[in-house]
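For any residue, its number in the working numbering is found by taking its place in the sequence shown, counting from 1, and adding 1394.
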Amino acid sequence: MPIFDWDGLDGWGVLRAVMFATSPGDAAAARVATENFSAGVQPDQAAEAKLARSRWLERQDAEAAFPCGVVPQAEPPGDAPRLNVVPMLRAKPISVMAVVLPTDLVFIREEVSEEVEELGRLPRVAIREVDVVDAEGRHIAEPMRETLEPEALSIVVLRWTNDGVEEDERFGFRSAWLAWRAARKLRAAAPAS
């Protein structure tokens, strides 16, 4: 059974989510952080959460961690309160990170919080193939360099074996360049055969 269920998530919803998933850093933010550190200002909640995630990675003996696109968010438990809002999408995408551990590949929520939420895990030896495809499932060749072309949905497909059954996981990206960056790291996570 796959880790992430893509039913109800359309290509435009994924593309819209990926465009706003990450925030760029800048020199002004770094300067403010340095000034706060020099003045003895306590770190904010986001900094504490990043530190907690770093400590979790250390405890897990993580070899690498990298952004791995967006996936559909799991359905809330049946006993969760129902909100009186009109949903924009049938399934809401969330950003994930892939964490390469000594024997496993773990997917965690990229959102910064003091609790690391593990979304799924698979043995590294189960990884069979990694590819990048477009919304229609056609292979996208690896670009030679990053381009300034308009953003278009690219999907990393991670194929793996689960107790003899072939499974695949899909991760949405806003460009082929970003998708191939993650795909190369996922390929490197598979043990050499």
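No residue lacks a Cβ here, since even glycine has one placed at the ideal position from N, Cα and C. Given the structure is predicted, the values throughout are model-derived calculations rather than measurements.
For a quick check, are the C-beta atoms of residue i and residue j less than 7 Å apart?
i     : j     : result
A1520 : T1555 : yes
G1531 : V1464 : no
V1493 : A1456 : yes
L1513 : L1499 : no
A1459 : R1518 : no
Assign residue i to buried or exposed, taking buried as 16 or more other Cβ atoms, counted over all protein chains shown, within 10 Å of its Cβ.
i     : result
E1596 : The structure shown does not extend to residue 1596, since the chain is modelled only from 1395 through 1587, so no value can be given for it.
P1466 : buried
L1552 : buried
V1559 : exposed
R1581 : exposed
S1569 : buried
R1447 : buried
M1538 : exposed
E1508 : exposed
Expressed to the nearest angstrom, what Euclidean distance is found between the alpha-carbon atoms of residue i and residue j?
i     : j     : result
T1541 : V1524 : 22 Å
E1442 : I1502 : 17 Å
A1577 : T1428 : 34 Å
A1573 : A1529 : 13 Å
P1487 : E1536 : 25 Å
K1579 : D1438 : 31 Å
R1564 : I1549 : 6 Å
L1547 : L1495 : 28 Å
V1490 : P1461 : 6 Å
E1543 : R1575 : 17 Å
Note down, in chain order, each residue of its chain lying with its Cβ closer than 6 Å to the Cβ of residue i, except the 5 sequence neighbours on either side.
i     : result
A1586 : none
E1561 : P1396 and W1554
V1510 : R1447, W1450 and I1502
F1545 : It is worth fixing the name first, because residue 1545 is Glu in this sequence and not Phe. Only R1568 and S1569 meet the Cβ criterion.
Please list, in chain order, all residues of the same chain as residue i whose beta carbon is under 7 Å from its beta carbon, the five residues on each side excluded.
i     : result
R1522 : R1553, W1554 and T1555
V1453 : Sequence check: residue 1453 is Arg here, not Val. Contacts found: none.
K1444 : V1506
Beta-carbon of residue i versus every beta-carbon of chain C: anything under 7 Å?
i     : result
P1537 : Structure shown: chain C not included; a single protein chain is present.
Who are residue i's beta bridge partners in DSSP?
i     : result
W1554 : I1521 and E1561
G1566 : V1464 and I1549
If I measure Cβ to Cβ from residue i and keep anything under 8 Å in the same chain, skipping five residues before and after, which residues do I get?
i     : result
H1533 : D1525, V1526 and V1527
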